[in-house]
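Chains Y and S supply the protein sequences, listed in that same order. Be aware that the first sequence starts at 19, since it is given in our numbering, and climbs by one per residue. Be aware that the second sequence starts at 19, since it is given in our numbering, and climbs by one per residue. Just so you know, even glycine gets a beta-carbon here, dropped at the ideal spot from N, CA and C. A quick write-up on the structure given underneath.
2 protein chains.
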Amino acid sequence: MSTAPRPSRRNEIRAQNETLILQAAEKVFAEAGFGGATMQLIADVAGLPKANLHYYFATKEDLYRRVVQNIFEIWLHAADVMDDAPGPAEGIGAYIEAKMEISRRHPDGSKVWASEVMHGAPVIQDYLETTLRDWTTGRAGLIQRWIDEGKMAQVDPEHLLYMLWATTQHYADFGHQIETLNGGKPLTDTQWKAAKASVKQIILRGIGAI
Amino acid sequence: MSTAPRPSRRNEIRAQNETLILQAAEKVFAEAGFGGATMQLIADVAGLPKANLHYYFATKEDLYRRVVQNIFEIWLHAADVMDDAPGPAEGIGAYIEAKMEISRRHPDGSKVWASEVMHGAPVIQDYLETTLRDWTTGRAGLIQRWIDEGKMAQVDPEHLLYMLWATTQHYADFGHQIETLNGGKPLTDTQWKAAKASVKQIILRGIGAI
DNA sequence: TCTCTTCCTGACCGTATGGTCAAGATGAAG
DNA sequence: CTTCATCTTGACCATACGGTCAGGAAGAGA
């Protein structure tokens, strides 16, 4: 509300620095966890003095909260592609594609999110209970409709969603393990394509959508 | 090797306290991460003075290392059930069953493991490069044999393994999220059965094993 | 130019943490 | 009982951390 988007040098500086800090924070939180991350290290990565971080973000927790919220938004909107799909093959296929792409483009964010949830969601518990629950109910309903219409096998919609989250986010959260098993090298474009194809193939066939 | 298992009151005390500390450490590391965990809190959970922890484990890292190694062992041996199975339906089905059971019985250990890998495996990198790589190569070969024998569809064995790890461990690592979506209550026995059945159904069907 | 607000930052502070230690308690062996 | 090794623990220490603050720099508006 308010905060007239008066474009000026001032607002530019603010926006730029906030972004810079948030990016550095995402990286450091992903690598070290909330407890292991230090404001000093985030400051170093951002290339700013530590005191400057506290000018933009009052506390370490405030900064962390913003990082988590950012990822949560991205995460939620990935499912938009499901909504206006004619059936599970297209809808779930596209959702897998979208989430795999998130794992590839935002691995740090995915790790921060995983870490947050693993530790009991201390800062986004309320979102889980409201936004995420509604989201899940809605999408489970969509899947159930596809089942009722005979477009896919009878599976438990919620467990299918869990499986989709698990398999796609695994490529970000356990990216280091996958990289190690891949000879220490990150997946190439071709390998990412193969990964996406594998996930889609097994799941879509598993739910009787193809 | 060595360490004659001379059973005495002394060895008993040592074994008992080490176990006590390791259990407390697993819990605290799972809840707070390595950086967020404190020796004092682990000591409190174990019901021992902090100085006593340092008598049994020189440093926080030593203690952490032991916790991670313990889980790694459990993790590896879960796949034993695959080896003497006649085909993928039994072998992979049993593996899913075993890993789901680990997620249920050792959620803390699973979280510590996930955290360790997510942060770049600072303490078990060498295991990933040796033990885990061999393990993976071996199991991928087994799956490939099943494919060659026409017992299942042509899927990428490694990506199938990733999917198995992801889906089963998700129930431990993201247990809090699942619990929240389940109305704030842990899964009941019946719900765990349904979870296992869902995972098995989709994957086994997805790989053409049933 | 002058004034006001926002931005920047080195120096500082209280606290909590991992780890140490010395002195005492407890069990094993003779 | 004596001796010795193991175990236990309160008190202590150096360090690193999150956070504060005062005073200066730099835009914005007149």
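Listed by chain order, chain S residues near residue i by CB distance under 7 angstroms
i        : result
Y/Val173 : Ser216, Gln219 and Ile220
Y/Gly168 : Under the 7 angstroms cutoff, chain S gives no residues; its nearest Cβ is about 16 angstroms from Y/Gly168.
Interface partners of residue i on chain Y, CB under 8 angstroms
i        : result
S/Asp126 : Chain Y residues near S/Asp126: none, gap ~10 angstroms exceeds 8 angstroms.
S/Phe192 : Ala132, Val135, Met136, Tyr180, Trp183 and Ala184
Within chain Y, partners of residue i - CB distance below 9 angstroms
i        : result
S/His188 : Tyr180, Met181, Trp183, Ala184, Thr185, Gln187 and His188
S/Phe52  : Ala50, Gly51, Gly53 and Gly54
Beta-carbon contacts of residue i that lie in its chain and below 7 angstroms, excluding the five residues immediately before and after
i        : result
Y/Pro23  : Confidence at Y/Pro23 is low in this model, with a pLDDT of 41, below 50, so its placement is unreliable and no value can be given for it.
S/Gly226 : Met170 and Ala171
Y/Trp210 : Arg122
S/Val130 : Glu44, Phe47, Ala48, Val85, Val86 and Ile89
Y/Tyr145 : Phe90
Y/Thr26  : For the sequence presented, residue 26 of chain Y should be read as Ser rather than Thr. Excluding positions up to five away in sequence, the list is empty.
S/Glu134 : Val86, Val141 and Ile142
S/Ala215 : none
Y/Glu147 : none
Y/Asp191 : Ser128, Lys129 and Ala132
S/Gly193 : Pro125
Cutoff 6 angstroms; reference residue i; Cβ partners in own chain excluding five residues on either side
i        : result
Y/Thr185 : Val217
S/Ser20  : Residue placement at S/Ser20 is flagged as unreliable, the pLDDT there being 33, under the threshold of 50; the coordinate-derived value follows with that caveat. Taken in chain order, the list of residues that qualify is empty.
Y/Ile228 : Ala107 and Leu222
S/Arg83  : Val141
Under 9 angstroms by beta carbon: chain S residues contacting residue i
i        : result
Y/Gly224 : Gln219, Ile220, Ile221, Leu222, Arg223, Gly224 and Ile225
Y/Ala268 : Outside the shown range of chain Y (19 to 228) lies residue 268 of chain Y, about which nothing can therefore be said.
Nonlocal neighbours in the same chain, by C-beta distance under 8 angstroms from residue i, ignoring five residues either side
i        : result
Y/Ala213 : Met118, Tyr189 and Leu205
Y/Ala33  : none
S/His177 : none
Y/Glu197 : Lys203, Pro204 and Leu205
Y/Trp153 : Leu94 and Ala97
S/Ile92  : Ile120, His124 and Gly127
Y/Asn200 : Gln209
S/Leu179 : Thr154, Arg157, Ala158 and Ile161
Contact list for the segment 135-164 of chain Y against chain S, Cβ threshold 8 angstroms: Hits within the stretch, in order: Val135, Met136, His137, Gly138, Ala139, Gln143, Leu146, Glu147, Leu150, Arg151 and Thr154.
Using a Cβ-Cβ cut-off of less than 7 angstroms, give me the residues of the segment 195-209 of chain Y that come near chain S, in sequence order. The residues in question are Gln195, Ile196, Thr198 and Leu199.
Inspect the CB distances between the segment 171-178 of chain Y and the segment 113-124 of chain S and report whether three or more fall short of 8 angstroms. The segment 171-178 of chain Y vs the segment 113-124 of chain S: no contact.
Meets three-Cβ-pair contact criterion under 8 angstroms: the segment 46-57 of chain S and the segment 75-86 of chain S: When Cβ pairs closer than 8 angstroms are counted between the two stretches, the segment 46-57 of chain S is seen to touch the segment 75-86 of chain S, the count reaching three or more.
Does the segment 151-166 of chain Y come within contact of the segment 102-116 of chain S, defined as at least 3 CB pairs closer than 8 angstroms? Too few Cβ pairs lie closer than 8 angstroms, so no.
Is the segment 43-53 of chain Y in contact with the segment 130-150 of chain S, if contact means three or more CB pairs nearer than 8 angstroms? Yes: at least three Cβ pairs fall under 8 angstroms.
Against chain Y, which members of the segment 103-129 of chain S pass a CB distance test of less than 8 angstroms? Taking a C-beta cut-off of 8 angstroms against chain Y, the contacting residues of the segment 103-129 of chain S are Lys129, listed in chain order.
With three or more beta-carbon pairs closer than 8 angstroms as the criterion, would you say the segment 59-68 of chain Y touches the segment 31-46 of chain Y? Because the criterion of three Cβ pairs below 8 angstroms is met, the segment 59-68 of chain Y and the segment 31-46 of chain Y touch.
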